[in-house]
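Student: Take this structure, written in structure tokens, and hold onto it; I'll ask about it next.
Number of protein chains: 2
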Amino acid sequence: MNESRIQRVVGIDAGGTRTRARLADAATGRTLGEGTGGPGNALSVPAAALVRHLTEALRGALGPGAGPPAAVVAGFAGGGPGGGREKALAAVEAALAGLGAGRAVRVDVRGDAEVAFAAGPGTPADGLVLIAGTGAVGARVRGRRMVSAADGDGWLLGDAGSGFWLGREALRAVLRALDGRGPATALTEPVAALCGGLSKEHVVRFAYADRPVRLAELSPLVVGVAAGGDTVAEELLDRAAAELTSTVGALEPRPGEPLVVTGGLLGPGGPLLSRLTDRVRPLGLTPAPVPDGLPGAVALARLLA
Amino acid sequence: MNESRIQRVVGIDAGGTRTRARLADAATGRTLGEGTGGPGNALSVPAAALVRHLTEALRGALGPGAGPPAAVVAGFAGGGPGGGREKALAAVEAALAGLGAGRAVRVDVRGDAEVAFAAGPGTPADGLVLIAGTGAVGARVRGRRMVSAADGDGWLLGDAGSGFWLGREALRAVLRALDGRGPATALTEPVAALCGGLSKEHVVRFAYADRPVRLAELSPLVVGVAAGGDTVAEELLDRAAAELTSTVGALEPRPGEPLVVTGGLLGPGGPLLSRLTDRVRPLGLTPAPVPDGLPGAVALARLLA
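In order, the protein sequences belong to chains A and B. For the first sequence, position 194 (counting from the first letter as 1) is numbered 194 according to the numbering used here, and the numbering increases by one without interruption. To convert a position in the second sequence, counted from 1, into the numbering used here, add 305.
This is the structure we're talking about:
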């Protein structure tokens, strides 16, 4: 077993953009080291790349020497049940072994919803979590395990109220303004600039030119135009918040239970946070925004150790 | 010039599924020959394949010998302004030349909306056309030329009320039924059978496994389940008809003007035809369904000759 004086644990938050790892004192939770690596979505990142990105993040967090940590908990986007859990677990174990830290370590792999929920105030065990970034998913957690989910169906079928959804709806609003199906909007000018011209053909060509999910990059533009007072953009943010509220509603919320929210749209200061807060108040819920799931992964690792 | 006794013209209807050509007597419109070839979408089919499919269709229509036709009009999906008109024109000319029928022929390439409109009763010159098949687009035609369009924005951004739209919404309705965001629906059982299992994971995996546009193949299933009295499926058909009505409305319809409708959902006996008819009646419009644009292409070729 670990013979160093302090028992150490590692939390990992592996998302679609990057992988973060944090080394902490198991007794106090104090951070001892951090590292970052490439994308860590357990479904979309190939196995070899997943090991490499985890190794980058773990190397930074563990630092030189000092032996294996007592426990590792890793939350993966796409790492839930029915997702890439086995692949993610194998990747974590391979990365730890490659760093000479694989011996006698307890490893647990979770979906991103579970570590995000555990990042909530007081490391709650039961309640709801809602993530809205590029995608959108809600989950009910019981005993620190996800027991049901709503949406998270991806850009083609769902992720209603997500960054992708906002970007796609912004393009649709511009197309509707251009062909007379919808009202004029201040979204038109910046979208036309992005698409290289002010016509439906330009917008359509832009949209189909690359991976659909990249339309999520348009969501800050919607937020900015809405801040300028554009009614169409404001309505898109309202509709996004309404969709996310409907996702929460599908989880049969109970008044007063925890609702942890995160992701680019709902983290601290996120552009949909106040709109969501207003809408879930009648359900007896108060969103607790967290920047990401990393502290939750650390908290779960401390419990595991 | 053509020295045979009868002056002959060719109409071509080139769609996403197949290309059809018809040889007709320029004076009477009587059909003299027909041929069919592979897909003819001017945007998505590569140039060499487009020439090959046009050659197949033209060879069948022209038959052996008999010299070049006086005029050829070809309507192409994706062949409108801003689309693949130049590519389509070059392909028609290459196919005619390859068949030894290129000399002294007048050739005109149109978008599918123009030939579909010309297929309406009495070969109208001015009015509206609405196509709802795999995709959905509306257009205003003046002097047999399209002057404005609504929707036709493709599966990612639009085609509201199309076959793709119905198929995607059917999967979404099943996902919402499965995770509690929506009501139970009789769509669930046949969709689960198609997806290989009764879970959100099965439906999501099916949807992302191949080209999104293939979801249009689910639209007959929606029609069938709606016919069985399922409220959710009926509402999808109602919403599709409402979306198509909105597309017509964006063209600023005038009471009493022609509205030619076609495509799998709106042709004669099409599953959305009566719903659309009810909805456009308050606008003073009566849809005239036609099976396809081929007779319109022939009519335009007779006018050209």
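Yeah, the Cβ is synthetic: ideal placement off N, Cα and C, and Gly gets one too. These numbers were taken from a predicted model, which means no experiment stands behind them.
If we require 3 or more residues per run, which beta strand (DSSP E) segments fall completely within the region 314-369 of chain B?
Tutor: Segments of the beta strand (DSSP E) lying fully in the region 314-369 of chain B: 324-330 and 336-342.
Student: Counting contacts by CB-CB distance shorter than 8 Å, is S44(A) in contact with chain B?
Tutor: For the purposes of this step, residue 44(A) is taken as residue 44 along the first sequence, with counting starting at 1. No, S44(A) does not count as interfacial toward chain B.
Student: Quick check: what's the CA-CA separation for A28(A) versus A90(A)?
Tutor: For the purposes of this step, residue 28(A) is taken as residue 28 along the first sequence, with counting starting at 1. For the purposes of this step, residue 90(A) is taken as residue 90 along the first sequence, with counting starting at 1. Sequence check: residue 28(A) is Thr here, not Ala. Taking the straight line from one Cα to the other gives about 29 Å.
Student: Is there a Cβ from chain B that is less than 8 Å from the Cβ of P212(A)?
Tutor: Counting from one through the first sequence, the residue named residue 212(A) turns up at place 212. It does: the Cβ of P212(A) has a partner Cβ on chain B nearer than 8 Å.
Student: Under a CB-based cut-off of 8 Å, is D159(A) close to chain B?
Tutor: Your numbering for residue 159(A) matches position 159 in the first sequence. Judged by the 8 Å Cβ criterion, D159(A) is not in contact with chain B.
Student: What are the boundary residues of the beta strand (DSSP E) that includes P287(A)?
Tutor: Numbered from 1 along the first sequence, position 287 holds the residue referred to as residue 287(A). Unbroken beta strand (DSSP E) run through P287(A): P287 to P289.
Student: According to DSSP, simplified to helix, strand and coil, what is W583(B)?
Tutor: The count along the second sequence starts at 1 and reaches residue 583(B) at position 278. Sequence inspection shows Asp at residue 583(B); the Trp mentioned does not correspond to that position. Here D583(B) sits in helix by DSSP.
Student: Do the region 456-472 of chain B and the region 511-527 of chain B meet, that is, are 3 or more Cβ pairs less than 8 Å apart?
Tutor: Verdict: yes, contact present.
Student: Would L272(A) pass as a contact of A77(A) if the rule is Cβ separation under 8 Å?
Tutor: Position 272 of the first sequence, counted from the first residue, corresponds to residue 272(A). Position 77 of the first sequence, counted from the first residue, corresponds to residue 77(A). Going by C-beta atoms, L272(A) is not nearer than 8 Å to A77(A).
Student: Taking the alpha carbon of G575(B) as the point to measure from, which residue in L435(B), G416(B) and A402(B) has its own alpha carbon closest?
Tutor: Residue numbering aside, residue 575(B) sits at position 270 when the second sequence is read from its first letter. The residue with the shortest Cα to Cα distance from G575(B) is L435(B).
Student: Kindly list, in the order they appear in chain B, the residues whose Cβ is closer than 7 Å to that of R22(A).
Tutor: Taking the first sequence and counting its residues from 1, the one referred to as residue 22(A) is at position 22. None at all; the shortest Cβ gap to chain B is about 31 Å.
Student: Would you kindly work out how many angstroms separate the C-alpha atoms of R486(B) and P121(A), rounded to a whole number?
Tutor: In the second sequence, residue 486(B) corresponds to position 181, counting from 1. In the first sequence, residue 121(A) corresponds to position 121, counting from 1. Cα-Cα distance, rounded: 28 Å.
Student: Taking only runs that begin and end inside the region 193-277 of chain A, name each unbroken beta strand (DSSP E) of 3 or more residues, in chain order.
Tutor: Counting whole runs of 3 or more residues, the region 193-277 of chain A contains the beta strand (DSSP E) stretches 259-262.
Student: Could you name the residues that DSSP lists as bridge partners for D413(B)?
Tutor: Locating residue 413(B) in the second sequence gives position 108, counting from the first residue. According to DSSP, which records beta bridges pairwise, D413(B) is partnered with V378(B).
Student: From S453(B) to R172(A), what distance separates their C-alpha atoms?
Tutor: For the purposes of this step, residue 453(B) is taken as the residue at position 148 of the second sequence. For the purposes of this step, residue 172(A) is taken as the residue at position 172 of the first sequence. Looking at the two C-alpha atoms, the distance is approximately 18 Å.
Student: Classify A444(B) as helix, strand or coil using the three-state DSSP reduction.
Tutor: Within the second sequence, numbered from 1, the residue matching residue 444(B) stands at position 139. Correct three-state label for A444(B): strand.
Student: For D456(B), which of helix, strand or coil comes out of DSSP?
Tutor: Here residue 456(B) is taken as the residue at index 151 of the second sequence, counted from 1. Strand.
Student: Using the C-alpha atoms, what's the distance from T36(A) back to R20(A)?
Tutor: Here the question's residue 20(A) lines up with position 20 in the first sequence. Here the question's residue 36(A) lines up with position 36 in the first sequence. Near 5 Å, if we compare the C-alpha coordinates of T36(A) and R20(A).
Student: Go ahead and label G263(A) buried or exposed: buried means 16 or more other beta carbons lie within 10 angstroms of its beta carbon, across all protein chains shown.
Tutor: Mapped onto the first sequence, residue 263(A) falls at position 263. Result: buried.
Student: How far does the beta strand (DSSP E) with G98(A) in it extend, from its first residue to its last?
Tutor: By 1-based counting over the first sequence, the position of residue 98(A) is 98. Premise fails: G98(A) lies in the alpha helix (DSSP H), R85 to G98, not in any beta strand (DSSP E).
Student: In chain D, which residues lie with their C-beta within 8 Å of the C-beta of L156(A)?
Tutor: Here the protein chains are A and B, and chain D is not one of them.
Student: Report the neighbours of G245(A) on chain B: residues whose CB is nearer than 9 Å to its CB, in chain order.
Tutor: One-based indexing of the first sequence puts residue 245(A) at position 245. Sequence check: residue 245(A) is Thr here, not Gly. The premise fails here: T245(A) is roughly 11 Å from chain B at the closest Cβ pair, so nothing lies under 9 Å.
Student: Measure the beta-carbon distance from D153(A) to V509(B) and round it to whole angstroms, keeping in mind my assumption that it falls under 8 Å.
Tutor: Against the first sequence, residue 153(A) aligns to sequence position 153. Against the second sequence, residue 509(B) aligns to sequence position 204. About 6 Å separates the two Cβ atoms, so the contact holds.
Student: Using a Cβ-Cβ distance under 8 Å, would V509(B) count as near chain A?
Tutor: The sequence position of residue 509(B) within the second sequence is 204, counting from 1. Judged by the 8 Å Cβ criterion, V509(B) is in contact with chain A.
Student: For the beta strand (DSSP E) that contains G432(B), what are its first and last residues?
Tutor: If you number the second sequence from 1, residue 432(B) lands on position 127. Per DSSP, G432(B) belongs to the beta strand (DSSP E) from G432 to A437.
Student: Which of the three DSSP states, helix, strand or coil, is assigned to R168(A)?
Tutor: Stepping through the first sequence from its first residue, residue 168(A) is reached at position 168. It is helical.
Student: Please list, in chain order, the residues of the region 485-496 of chain B that have any C-beta partner in chain A closer than 8 Å.
Tutor: For the region 485-496 of chain B, which is checked against every Cβ of chain A, the residues closer than 8 Å are G485 and R486.
Student: Does the beta carbon of R172(A) come closer than 8 Å to any beta carbon on chain B?
Tutor: Locating residue 172(A) in the first sequence gives position 172, where the first residue counts as 1. With 8 Å as the cut-off, R172(A) counts as an interface residue toward chain B.
Student: Chain A partners of A555(B), CB-CB under 9 Å?
Tutor: As a working mapping, residue 555(B) is identified with position 250 in the second sequence. Ordered by position in chain A, the residues that pass the 9 Å Cβ test against A555(B) are R176, D179, G180, R181 and G182.
Student: For A125(A), which residues from the same chain have a beta carbon less than 7 Å from its beta carbon, with the 5 sequence-adjacent residues on both sides left out?
Tutor: Indexing the first sequence from 1 puts residue 125(A) at position 125. Within the same chain, A125(A) has close Cβ partners G143 and R144.
Student: Which class does R5(A) belong to by DSSP, given the choice of helix, strand or coil?
Tutor: As a working mapping, residue 5(A) is identified with position 5 in the first sequence. Note: R5(A) maps to coil in three-state DSSP.
Student: List the DSSP bridge partners of R145(A).
Tutor: Within the first sequence, the letter at position 145 stands for residue 145(A). DSSP output for R145(A) lists R142(A) as bridge partner(s).
Student: Whose CA, out of R310(B), V442(B), R481(B) and L363(B), lies closest to the CA of G416(B)?
Tutor: Along the second sequence, read from residue 1 onward, the residue named residue 416(B) stands at position 111. Looking at the Cα atoms, V442(B) is the closest of the given residues.
Student: Does DSSP put P373(B) in a helix, in a strand, or in coil?
Tutor: Position 68 of the second sequence holds residue 373(B). If DSSP states are grouped into helix, strand and coil, P373(B) belongs with coil.
Student: Would you say D112(A) lies against chain B (beta-carbon separation less than 8 Å)?
Tutor: Position 112 of the first sequence, counting from 1, holds the residue named residue 112(A). Output row for D112(A): interface = no.
Student: Is G80(A) helix, strand or coil when you go by DSSP?
Tutor: As a working note, residue 80(A) is residue 80 in the first sequence. Here G80(A) sits in coil by DSSP.
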